[in-house]
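All residue numbers for the sequence shown refer to the numbering used here, where the first residue is 6 and numbers rise by one.
Glycine included, each C-beta is placed from N, C-alpha and C at the ideal position.
The structure presented is a predicted model; accordingly, all values stated were derived computationally and were not measured.
Okay, so here's the structure we're looking at.
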Amino acid sequence: MSPKQKDKYAELQTSLETLPYISPAQVEQWVSLQRTIDQTRDYLIRAVPQAQHSIDEAQKILGQRTYTLVFFGGTGVGKSTLINALLGRNLLPTGAVTAVTGTIVYIEQAAEGEAESLILTYWSRDEFAERVRRLCQLAELDGFDITNSGEREQALEDIKAINTASEGNAKTERDEYLDILIDCIHSYENNKELFKAGTPPPQSLTLDDEESLKHLREDGFKGSDKRQIRLVKSATFKIQPPAPGTTANGKDSLLMNGFLRIVDVPGLGAGMKLHEAITLEEMKKEDAMIVLVTDAGRQRVDEMKSLSAVNWIKENRLFGLSGGDLDEAASKIFLAVNGGNVRQAFDRLNSGLPEAELEVKEVTRYIAPNYWERYKDRGHNRPYFLVMAPPALYLQDPDHAPDEFASETERILKAFRDQFGPINNGDMFDPDTKEALLKLSEIPLLRESLIEFIKSERVRSQLREASTRIRNSLQSLRFYYEKQLASRGMHPPFASSWEQLQEKRYENVLVRQQKELPRAFHNALLELSARTNGDARFRNLLRPAQQRQAWCGFDSTQWKRRSDTAT
C-alpha cells in the first residue's frame with residue numbers, strides 16, 4: 006500500500022472516531038469496507054458492469070456522516086405538522102389537507118450562539134427555464150422561454166385564452182398546471198432583477214419576522230410582488246435545540262446536537278407531478294432513513310402503492326436485496342399513520358380484528374414481506390405509529406400553534422375520555438392530563454424510537470447494508486471468474502492450489518498450440534508457394550533442362566555446334 010493510501014485510511018479512521026454512537030470495532034469494519042471498495046472497484050466495474058449500481062450504493066452509504074431523516078407522503082397528509090410535533094415547536098407552516106410547503110426544506114441545528122434563521126437558495130435562470138418547460142409538457146402547452154420577455158407575454162395571453170374557453174367547466178389537473186405557469190410568469194416578472202448577475206445568492210431571513218415563513222408557503226404573498234416560492238430551490242432552517250425543561254429537552258431533541266438533519270419534501274400525489282419530480286430528485290441524492298407518512302382517513306392502499314415515493318423505495322433503496330438483508334434495509338422505514346385523532350379510525354385500527362389493519366398491512370408487505378412480523382413492536386403493539394400530531398403540537402407550543410389546534414385538542418380530550426383514566430378533563434395543561442394526551446398521540450413514542458434507532462441501530466444498519474452491497478458486487482465478480490474458468494475446462498468446487506491452476510493454464514496453452522499447429526504448417530506451405538511462384542530463380546527450376554542451360558549463358562548456336570561435335 007502506498008504512503009498516500011495509508012494516509013487516506015488513517016484520516017478516515019480519525020474522522021470516524023469523532024462520530025457519536027460508533028464503537029472501535031465498527032470504525033475498523035468501516036475502514037475495511039472502504040479499502041475493499043478501493044481495491045476492487047475499477048476492475049470490478051470493467052469486468053462486471055452490472056455490479057456498478059451496488060458498488061456505488063455501498064460507497065454512498067459509507068460516505069454518509071450526518072444522518073438525514075426524510076419525511077414524505079401524499080399531499081396534505083400532515084408531514085409538516087408531524088415534524089413540528091416531533092420538534093416540539095411550530096416551525097414549519099401548516100395547513101388543512103392542502104399543499105402548503107412548496108419547496109424542499111432542511112432543518113439543521115445552528116451553531117452555539119448563532120441566531121436562528123431561514124436561508125433561501127434559488128434556481129439558476131437556466132434551471133428555472135427548464136422547470137417551466139417541464140410544466141408546459143404537463144399542461145399540454147407549447148414550451149416557451151420564460152426568460153424571454155416576448156415569449157413570456159405571448160404564453161400569458163395563450164394561457165388566459167385557454168382559461169377563458171374553459172370557464173364554467175370543472176377544474177382539471179391541466180388547469181392546476183396552467184395556474185402554476187401563470188404564477189411562475191408573475192414571479193419571474195416581479196423578481197427578474199435577481200437574475201441580472203447570474204444565479205441569485207442565498208438570502209438569509211430572521212425567524213423573528215412573521216413574513217419569513219410566507220416564502221415557503223404555496224399561498225404565501227399571493228397577489229404581491231414579494232412572491233418568490235416558484236423561484237426558491239430549497240430552504241434551510243438553522244434552529245437552536247429546545248431549552249432544558251421543555252417536553253423535548255436537549256437530551257430528547259430530534260436533531261441530536263447536530264447529528265441529525267431533517268428534510269421535508271413537497272407532497273406527492275393528487276396530481277402534483279411537479280412536486281413529485283422535486284422529491285424524487287432529492288431522494289436520489291440522499292441516503293436517508295425514511296419516514297413514510299400516510300393518512301388512515303383518506304388514502305387507500307392502492308393509492309399509497311401508486312405513489313412514486315413508495316415505488317422509489319422498492320426500486321432504489323431496496324434494489325437487489327432479499328431475505329434478512331431486505332429486512333435490515335426496511336428497518337430504516339418508519340411508518341406513521343396520521344389519522345388517529347379520528348375516533349372511527351382509532352377504534353378500527355385498535356380493534357384487533359384481522360381485517361382492521363388490512364390496508365396498512367398490505368403497504369408494509371409491499372415494502373418488505375416480513376416488515377409486519379419483524380417490527381411488530383415498533384409502535385404501540387404494532388409495526389407503525391398511529392399519531393395525533395395537532396394536539397401534540399398544541400400541548401408543546403400553545404403560544405405559536407395554529408388556533409384551530411386548540412379546539413382540536415379539546416375535541417380529542419372529550420372523544421377519547423375513556424382512554425385516559427382519572428385525569429382532570431377540565432384542564433388540558435394539567436400535568437397528568439397533558440401527559441395522557443401526549444401518550445395517546447404517540448408523538449413521544451415515535452420521537453424516542455427514532456432517537457434510539459439512530460443511537461443503537463443506525464451505524465450497525467449502515468455497515469450491514471454497505472457490506473451487503475459489496476458482497477453482491479464481489480459475488481458477481483466470482484460468477485464472472487467461474488464462467489471464464491469453465492470455458493477453460495475447470496468447474497467448481499475449486500480445490501486446486503495456485504501451482505496446479507498455473508499448470509492447468511500451461512496445459513491449456515499446449516492444447517491450443519496443438520490445435521493451431523496444422524493450421525500454422527498449412528499457412529507456411531502457402532507462403533512458400535507464393536514465394537516460389539514470384540521468384541525467377543526458383544521458377545527456372547521447374548523448366549526443362551535445355552531451357553535451364555540456355556538460361557545459364559549459352560545461346561542456341563553455341564549449343565547446336567557443341568552438340569554436333571560431340572556426335
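Buried/exposed call for residue i, threshold 16 Cβ in 10 Å
i, result
"serine 85", "buried"
"serine 28", "exposed"
"glutamine 652", "The requested residue 652 does not occur in the structure, where the chain is confined to residues 6 to 572."
"alanine 101", "With a pLDDT of 49 at alanine 101, under the threshold of 50, the modelled position of this residue cannot be trusted; read the value that follows with caution. Exposed is the call here."
"proline 206", "exposed"
"glutamine 159", "exposed"
"proline 359", "exposed"
"glycine 78", "buried"
"threonine 369", "buried"
"threonine 19", "exposed"
"serine 534", "exposed"
"serine 217", "buried"
"glutamate 198", "exposed"
"proline 1", "Since the first residue of the chain shown is 6 and the last is 572, residue 1 is not available in this structure."
Cα-Cα separation, residue i to residue j
i, j, result
"aspartate 404", "tyrosine 371", "41 Å"
"methionine 261", "alanine 115", "12 Å"
"valine 392", "alanine 341", "7 Å"
"phenylalanine 339", "tyrosine 389", "7 Å"
"lysine 444", "proline 396", "11 Å"
"glycine 345", "proline 246", "28 Å"
"valine 516", "histidine 527", "18 Å"
"glycine 276", "arginine 136", "Unreliable placement is indicated for glycine 276, whose pLDDT of 41 sits below 50; the coordinate value is still reported in the next sentence. Rounded to whole angstroms, glycine 276 to arginine 136 spans 16 Å at the Cα level."
"tyrosine 486", "leucine 479", "10 Å"
"alanine 144", "lysine 176", "13 Å"
"isoleucine 50", "leucine 490", "19 Å"
"lysine 460", "phenylalanine 434", "31 Å"
"glutamate 470", "alanine 334", "7 Å"
"serine 154", "alanine 166", "19 Å"
"arginine 573", "glutamine 34", "There is simply no residue 573 to check, as the chain begins at 6 and stops at 572 in what is shown."
"lysine 3", "threonine 204", "The first residue shown for the chain is 6 and the last is 572, placing residue 3 beyond what the model contains."
"tyrosine 48", "glutamate 521", "31 Å"
"aspartate 432", "alanine 394", "19 Å"
CB contact flag (residue i, residue j, <8 Å)
i, j, result
"leucine 236", "leucine 186", "no"
"glycine 83", "glutamine 401", "no"
"leucine 87", "asparagine 343", "yes"
"glutamate 453", "glycine 384", "no"
"lysine 219", "glycine 228", "no"
"valine 110", "leucine 221", "yes"
"isoleucine 60", "arginine 70", "no"
"isoleucine 234", "isoleucine 112", "no"
"valine 53", "leucine 354", "no"
"threonine 108", "arginine 130", "no"
"leucine 468", "glutamine 31", "yes"
"isoleucine 428", "threonine 438", "yes"
"isoleucine 190", "arginine 157", "yes"
"arginine 348", "alanine 420", "yes"
"aspartate 180", "serine 171", "yes"
"asparagine 168", "leucine 146", "no"
"threonine 473", "aspartate 382", "no"
"phenylalanine 410", "aspartate 269", "no"
Nearest candidate by alpha-carbon position, reference residue i, set the options
i, options, result
"asparagine 196", "Tyr127, Arg222, Val270, Leu358", "Tyr127"
"arginine 138", "Gly357, Glu521, Gly148, Asp131", "Gly148"
"tyrosine 72", "Trp35, Phe484, Leu24", "Leu24"
"aspartate 43", "Gly263, Phe339, Tyr14, Glu33", "Tyr14"
"proline 271", "Phe133, Arg493, Pro98", "Pro98"
"aspartate 150", "Glu362, Phe133, Gln57, Glu223", "Phe133"
"glutamate 194", "Asn430, Leu161, Ala240", "Leu161"
"glutamate 119", "Gln55, Asp163, Lys243", "Lys243"
"isoleucine 475", "Ala63, Gln34, Lys11", "Ala63"
Chain-order list of residues whose beta-carbon lies under 7 Å from that of residue i (same chain, five-residue window excluded)
i, result
"aspartate 332", "Ala373, Asn375, Arg379"
"serine 209", "Ser122, Ile124"
"valine 464", "Tyr26, Ile27, Gln31"
"glycine 325", "Ser59, Asn477"
"arginine 422", "Asn430"
"lysine 366", "Trp377"
8 Å CB neighbourhood of residue i in its chain, flanking five on each side removed
i, result
"glutamate 462", "Ser336"
"asparagine 95", "Asn89, Leu398, Asp402, His405, Ala406, Pro407"
"leucine 259", "Leu74, Leu91, Leu92, Ala253, Leu265, Ile267, Arg452, Leu455, Ile456"
Beta-carbon proximity list for residue i, same chain, < 6 Å, skipping 5 on both sides
i, result
"aspartate 292", "Because the pLDDT at aspartate 292 is just 48, under 50, the model does not fix this residue reliably, and the value given afterwards should be weighed accordingly. Excluding positions up to five away in sequence, the list reads Lys65, Ile66, Gln69."
"threonine 241", "Tyr111, Ile124"
"leucine 21", "Val32, Trp35"
Residue i: CB within 7 Å of a non-hydrogen atom of the ligand SAM
i, result
"aspartate 437", "By its list of ligands, the structure shown contains no ligand whatsoever, and the ligand SAM lies outside what it can speak to."
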